[in-house]
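Participant: There's a structure below that I have some questions on.
Residue numbers (the numbering used here): 414 to 755.
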């Protein structure tokens with residue numbers, strides 16, 4: 414059975430990545446594409462690399478007949494999705510790629526995003542969309558909130574370790590490198606070629622990065638007590654990809670064993686041999702996470718390195734994985750491609 418899907422915000426990077434992935438999906442058909450400012454255009458005019466695909470013309474959201482849609486992907490900017498989803502049919506299944514429904518506590522949302530949540534009743538039914546850890550809830554959900562790409566990378570490195578109790582929860586440092594597409598497609602001065610090329614810079618310093626809200630929420634839930642990590646992200650001159658180096662107090666062999674045990678049966682998580690480090694290109698264009706563990710010269714300390722593609726596993730690939738679960742499809746459908754290299 415083929416399921417009709419709509420993509421709202423199709424002209425952004427995550428929208429284009431959804432189109433790329435769904436084009437090779439055996440069970441999903443793109444029935445509608447919405448893009449406010451580019452309504453009326455063909456997708457090939459916005460993204461020439463999608464030109465060979467037979468895609469519907471971009472329209473406004475109001476022009477879509479949602480009675481013909483089985484599932485809707487919302488790839489809209491933060492703080493706009495709440496109002497849009499509030500107006501969609503109540504029986505429509507939705508995967509949201511924005512930050513609008515990730516934080517369960519409305520007060521936490523206001524703290525990290527600077528404004529009150531506009532749809533608290535919808536927030537109550539939203540399921541956090543980290544597929545590997547919320548499968549059962551996602552299968553029965555109507556509304557799934559995709560994670561932040563940085564937040565997903567850090568969680569893949571740390572969730573099993575917190576659960577297994579093999580690390581000191583008060584000494585967690587996440588040093589993360591993120592590619593420019595994580596900032597979206599809007600024009601920004603610091604993303605100009607002359608600014609970004611041959612450059613790297615930290616941002617969101619001093620505990621101000623919004624994805625800390627997700628780390629606080631998820632890690633504290635697992636531990637059963639408050640857990641606050643040190644998180645230092647850096648923007649690097651790359652188009653896509655994330656690499657997180659996590660510094661920990663704990664025995665490296667126990668850390669490695671806990672991660673291998675947690676991910677042994679996971680199709681999208683690959684554990685490297687002990688002492689090996691993944692690189693960003695290992696996961697480029699895929700729905701994979703690669704993780705490596707190494708000891709430190711100081712006894713009782715270790716490093717975990719995790720990498721994923723921010724547009725795929727960190728966003729659109731995760732969204733398709735969640736849609737597969739929600740629609741009762743094979744979880745890996747449309748997501749089994751290997752990395753583009755070099």
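We put the CB at the ideal spot given by N, CA and C, even for glycine. Remember, predicted model here, so these are calculated numbers, not experimental data.
1) With DSSP run on the structure shown, which of helix, strand or coil describes residue 615?
2) Rounding to the nearest angstrom, what Cα-Cα distance links residue 481 and residue 697 in this structure?
3) Determine, using beta carbons only, whether residue 709 and residue 703 come nearer to each other than 8 Å.
4) Could you tell me whether the region 554-567 touches the region 719-731, using the rule of 3 or more Cβ pairs below 8 Å?
5) Measuring straight from C-alpha to C-alpha, what distance separates residue 557 and residue 442?
6) Helix or strand or just coil, what does DSSP make of residue 522?
7) Could you check if residue 495 is buried or exposed, using at least 16 other CB atoms within 10 Å of its CB as the buried criterion?
8) Can you list, in chain order, the residues of its chain with a C-beta nearer than 7 Å to that of residue 580? Leave out the 5 residues immediately preceding and following it.
9) Run the CB neighbour count on residue 773, radius 10 Å, all protein chains shown included, and call it buried at 16 or more, exposed below.
10) Using 10 angstroms around the beta-carbon of residue 602, count the other beta-carbons present and answer buried if the total reaches 16, otherwise exposed.
11) Verify whether the separation of the beta carbon atoms of residue 471 and residue 544 is less than 8 Å.
12) Can you tell me which of 633, 634, 619 and 636 puts its alpha carbon nearest to the alpha carbon of residue 643?
13) May I ask which residues mark the beginning and end of the beta strand (DSSP E) holding residue 643?
14) Report all residues from its chain with a CB closer than 7 Å to the CB of residue 700; omit the five preceding and five following residues, and keep chain order.
15) Name the DSSP beta bridge partners of residue 589, please?
16) Quick one: what's residue 703 bridged to in DSSP?
17) Start and end of the alpha helix (DSSP H) containing residue 562?
18) Locate the alpha helix (DSSP H) running through residue 498, then write down its first and last residues.
19) Might you give, ordered along the chain, the residues of its own chain that have their beta carbon closer than 7 Å to the beta carbon of residue 362, omitting 5 neighbours on each side?
20) In chain order, what residues of the same chain have a beta carbon less than 7 Å from the beta carbon of residue 473, not counting five sequence neighbours either side?
21) Taking C-beta to C-beta, are residue 593 and residue 657 nearer than 8 Å?
22) Can you check whether the CB of residue 646 is closer than 8 Å to the CB of residue 589?
23) Which residues in the same chain have their Cβ closer than 8 Å to the Cβ of residue 635, if we skip the five residues on either side of it in sequence?
24) Quick test of your reading: residue 422 and residue 512, contact by CB under 8 Å. State the CB separation rounded to the nearest angstrom.
25) Since residue 417 sits in a beta bridge, which residues does DSSP pair it with?
26) Is residue 733 helix, strand or coil when you go by DSSP?
27) Enumerate in chain order the residues of its own chain whose CB-to-CB distance from residue 673 is below 6 Å, with the five nearest sequence positions on each side excluded.
28) Taking only three categories from DSSP, how would you classify residue 580?
29) Buried or exposed for residue 688, going by 16 or more other Cβ atoms inside 10 Å?
30) Is residue 595 helix, strand or coil when you go by DSSP?
31) CA-CA distance, residue 536 and residue 597?
32) May I ask whether a heavy atom of the ligand NAD can be found less than 7 Å away from the beta carbon of residue 560?
Facilitator: Inspection of the coordinates gives the following:
1) Translated into the one-based positions of the chain shown, residue 615 becomes position 202. Strand at residue 615.
2) Residue numbering aside, residue 481 sits at position 68 when the chain shown is read from its first letter. Residue numbering aside, residue 697 sits at position 284 when the chain shown is read from its first letter. Each residue's CA atom was taken as its position, placing residue 481 and residue 697 some 34 Å apart.
3) In the chain shown, counting from the first residue as 1, residue 709 sits at position 296. In the chain shown, counting from the first residue as 1, residue 703 sits at position 290. Not closer than 8 Å, so no.
4) Contact between the region 554-567 and the region 719-731 is present: three or more C-beta pairs spanning the two stretches fall below 8 Å.
5) Within the chain shown, the letter at position 144 stands for residue 557. Within the chain shown, the letter at position 29 stands for residue 442. In a straight line, the C-alpha of residue 557 is about 20 Å away from that of residue 442.
6) Looking up residue 522 in the chain shown gives position 109. In this structure, residue 522 counts as helix in the three-state DSSP scheme.
7) Position 82 of the chain shown, counted from the first residue, corresponds to residue 495. The residue is buried, with at least 16 neighbouring Cβ atoms inside 10 Å.
8) As a working mapping, residue 580 is identified with position 167 in the chain shown. Excluding sequence neighbours, residue 580 sits near 574, 661, 662, 663 and 668.
9) Not covered by the structure: residue 773. The range shown for the chain is 414 to 755.
10) By 1-based counting over the chain shown, the position of residue 602 is 189. With fewer than 16 Cβ atoms within 10 Å of its Cβ, residue 602 is classed as exposed.
11) As a first step, residue 471 is located in the chain shown; it is residue number 58 there, counting from the start. As a first step, residue 544 is located in the chain shown; it is residue number 131 there, counting from the start. Contact flag unset, no.
12) Translated into positions along the chain shown, residue 643 becomes position 230. For the residues 633, 634, 619 and 636, the minimum Cα distance to residue 643 belongs to 619.
13) Taking the first residue of the chain shown as 1, we reach residue 643 at position 230. The continuous beta strand (DSSP E) containing residue 643 extends over residues 643-648.
14) Counting from 1 along the chain shown, the entry for residue 700 is found at position 287. Here the set comprises 681, 725, 726, 730, 734 and 748.
15) Start at 1 with the first residue of the chain shown, and residue 589 comes out as number 176. DSSP output for residue 589 lists 646 and 657 as bridge partner(s).
16) Taking the first residue of the chain shown as 1, we reach residue 703 at position 290. In the DSSP assignment, residue 703 is bridged to 683 and 720.
17) The sequence position of residue 562 within the chain shown is 149, counting from 1. 562-577 is the span of the alpha helix (DSSP H), which, as asked, contains residue 562.
18) Residue mapping note: residue 498 aligns to position 85 of the chain shown, counting from 1. Residues 494-499.
19) Look at the range of the chain in this structure, 414 to 755, and you will see that residue 362 is not part of it.
20) Taking the first residue of the chain shown as position 1, residue 473 is located at position 60. The beta carbon of residue 473 is closer than 7 Å to those of 447, 449 and 452 in its chain, skipping five residues each way along the sequence.
21) The residue you call residue 593 lines up with position 180 of the chain shown. The residue you call residue 657 lines up with position 244 of the chain shown. No, these two residues do not count as a Cβ contact at 8 Å.
22) Along the chain shown, read from residue 1 onward, the residue named residue 589 stands at position 176. Along the chain shown, read from residue 1 onward, the residue named residue 646 stands at position 233. Cβ distance < 8 Å, so residue 589 and residue 646 count as in contact.
23) The residue you call residue 635 lines up with position 222 of the chain shown. Same-chain partners within the cutoff: 572, 575 and 576.
24) Against the chain shown, residue 422 aligns to sequence position 9. Against the chain shown, residue 512 aligns to sequence position 99. No, residue 422 and residue 512 are not in contact; Cβ-Cβ is about 13 Å, not under 8 Å.
25) Here residue 417 corresponds to residue number 4 of the chain shown, with the count starting at 1. Residue 417 pairs with 442.
26) To locate residue 733, count along the chain shown from 1; it is residue 320. Residue 733 carries a helical assignment under DSSP once its states are collapsed to helix, strand and coil.
27) The count along the chain shown starts at 1 and reaches residue 673 at position 260. Contacts found: 684.
28) As a first step, residue 580 must be located in the chain shown, where it is residue number 167. Three-state DSSP puts residue 580 in coil, outside helix and strand.
29) For the purposes of this step, residue 688 is taken as residue 275 along the chain shown, with counting starting at 1. With fewer than 16 Cβ atoms within 10 Å of its Cβ, residue 688 is classed as exposed.
30) Mapped onto the chain shown, residue 595 falls at position 182. For residue 595, the secondary structure class from DSSP, reduced to helix, strand or coil, is helix.
31) As a first step, residue 536 is located in the chain shown; it is residue number 123 there, counting from the start. As a first step, residue 597 is located in the chain shown; it is residue number 184 there, counting from the start. Their Cα atoms are separated by approximately 24 Å.
32) As far as ligands go, the structure on display features none, and thus does not contain the ligand NAD.
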